[in-house]
Amino acid sequence: MAGHSASAMARTGQNPFLRAVAALSTLAGWISAAMILVAVGITCQMIWVRFVLNGTTVWQTEMVIYLMIAATLLGLSYVQRLRGHVNVDLIPMALPHQARKGLAVVTLSLSIVIVAIMLWYGYDVWHVAWARGWTSDTVWAVRLWVPYLALPVGLGLFLLQLVADLVAVVLNIDAPFGLEDA
Numbered sequence: 706m707a708g709h710s711a712s713a714m715a716r717t718g719q720n721p722f723l724r725a726v727a728a729l730s731t732l733a734g735w736i737s738a739a740m741i742l743v744a745v746g747i748t749c750q751m752i753w754v755r756f757v758l759n760g761t762t763v764w765q766t767e768m769v770i771y772l773m774i775a776a777t778l779l780g781l782s783y784v785q786r787l788r789g790h791v792n793v794d795l796i797p798m799a800l801p802h803q804a805r806k807g808l809a810v811v812t813l814s815l816s817i818v819i820v821a822i823m824l825w826y827g828y829d830v831w832h833v834a835w836a837r838g839w840t841s842d843t844v845w846a847v848r849l850w851v852p853y854l855a856l857p858v859g860l861g862l863f864l865l866q867l868v869a870d871l872v873a874v875v876l877n878i879d880a881p882f883g884l885e886d887a
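Residue numbers (the numbering used here): 706 to 887.
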């Protein structure tokens, strides 16, 4: 990611909407990090129980899987805010500012549409699991609406951050693709 640095975080200026979305994305990032730490702790506990105490585990593997998936989904908006997603910026770097801005608007708009579709179907999956009382087919029998809630929440926060990025580019608060003109 040429031209990017640790300060490549999305700018908010004094815009209250952008600042609120940035705060939500940051909170989601901290929650995501905490989920990863809890998953690591549960994994260590599971290893201790299985191999040191020679006991059985019932819920640990399933819980770690759900935590890691939820951490990934909840962390999407924070990674977007930090501009940490894979980015090939060869074409934007070669374009003049106005063309770069146009490309950013098109790219962000398409991303918003795609993530909105994913959010729609993610909400549907969560709602069906909640309405029908689905549980996992394991001994633990987790009510599946709980882990599935990460789909609409994570994708909703990601969509909100993408909208904020689009607003910031359109209002000239942030540079397209985070690339300042040379």
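Where is the CB? At the ideal position from N, CA and C, for every residue including glycine. All values reported here derive from a predicted model rather than from experimental measurement.
TODO: Would you list the residues sitting across from ARG848 in a DSSP beta bridge?
DONE: DSSP, once it has assigned bridges, lists THR840 as partnering ARG848.
Open item on the list: Measuring only the C-alpha atoms, how far is PRO857 from LEU864?
Closed with: The straight-line gap from Cα to Cα measures roughly 10 angstroms.
Open item on the list: To the nearest angstrom, how far is the alpha carbon of ILE736 from that of LEU860?
Closed with: The C-alpha of LEU860 is placed about 15 angstroms away from the C-alpha of ILE736.
Open item on the list: With the cut-off set at 8 angstroms, would you say PHE779 and ALA869 are in Cβ contact?
Closed with: It should be noted that the sequence gives Leu, not Phe, for residue 779. Taking a C-beta distance under 8 angstroms as the contact criterion, LEU779 and ALA869 do not qualify as a contact pair.
TODO: Between the Cα of ILE796 and those of VAL872, ALA880 and LEU808, spot the shortest distance and give me the residue it belongs to.
DONE: For ILE796, the nearest C-alpha among the options comes from LEU808.
Task: Reduced DSSP category for MET768 - H, G, I as helix; E, B as strand; rest coil - done: Residue state, collapsed to three classes: helix.
Task: Anticipated Cβ contact below 8 angstroms, LEU862 with LEU772, distance rounded - done: With a Cβ gap of about 17 angstroms, LEU862 and LEU772 do not count as contacting.
Open item on the list: I'd like to know whether the C-beta atoms of SER680 and LEU876 end up nearer to each other than 8 angstroms.
Closed with: As shown, the chain starts at 706 and ends at 887. That puts residue 680 outside it, with no answer to give.
Task: Where LEU824 falls: helix, strand or coil (DSSP) - done: DSSP places LEU824 in helix when its eight states are reduced to three.
Open item on the list: Suppose the cutoff is 8 angstroms on Cβ atoms and the five residues either side in sequence are ignored; what does the same chain contact list for HIS790 look like?
Closed with: Correct list, in chain order: VAL784.
Open item on the list: With H, G and I counted as helix, E and B as strand and the rest as coil, what does DSSP make of ALA790?
Closed with: The residue asked about is misnamed: residue 790 is His in this sequence, not Ala. The DSSP-derived three-state label of HIS790 is coil.
Open item on the list: By alpha-carbon positions, which one of THR812, VAL851 and LEU742 ends up nearest to VAL874?
Closed with: It is THR812.
Task: Whole-angstrom distance between GLN719 and GLU885, CA atom to CA atom - done: Looking at the two C-alpha atoms, the distance is approximately 19 angstroms.
Task: C-alpha distance - ASP879 paired with GLN803, whole-angstrom precision - done: Going from the Cα of ASP879 to the Cα of GLN803 covers about 13 angstroms.
Task: Residues of its chain near ARG888, where Cβ-Cβ distance is below 7 angstroms and the 5 sequence neighbours each way are ignored - done: For the chain, the structure presents residues 706 to 887; residue 888 sits outside this window and is missing.
Open item on the list: Using CA atoms only, rank isn't needed, just tell me which of ARG848, THR843 and ILE822 is closest to VAL833.
Closed with: The shortest Cα separation from VAL833 among ARG848, THR843 and ILE822 belongs to ARG848.
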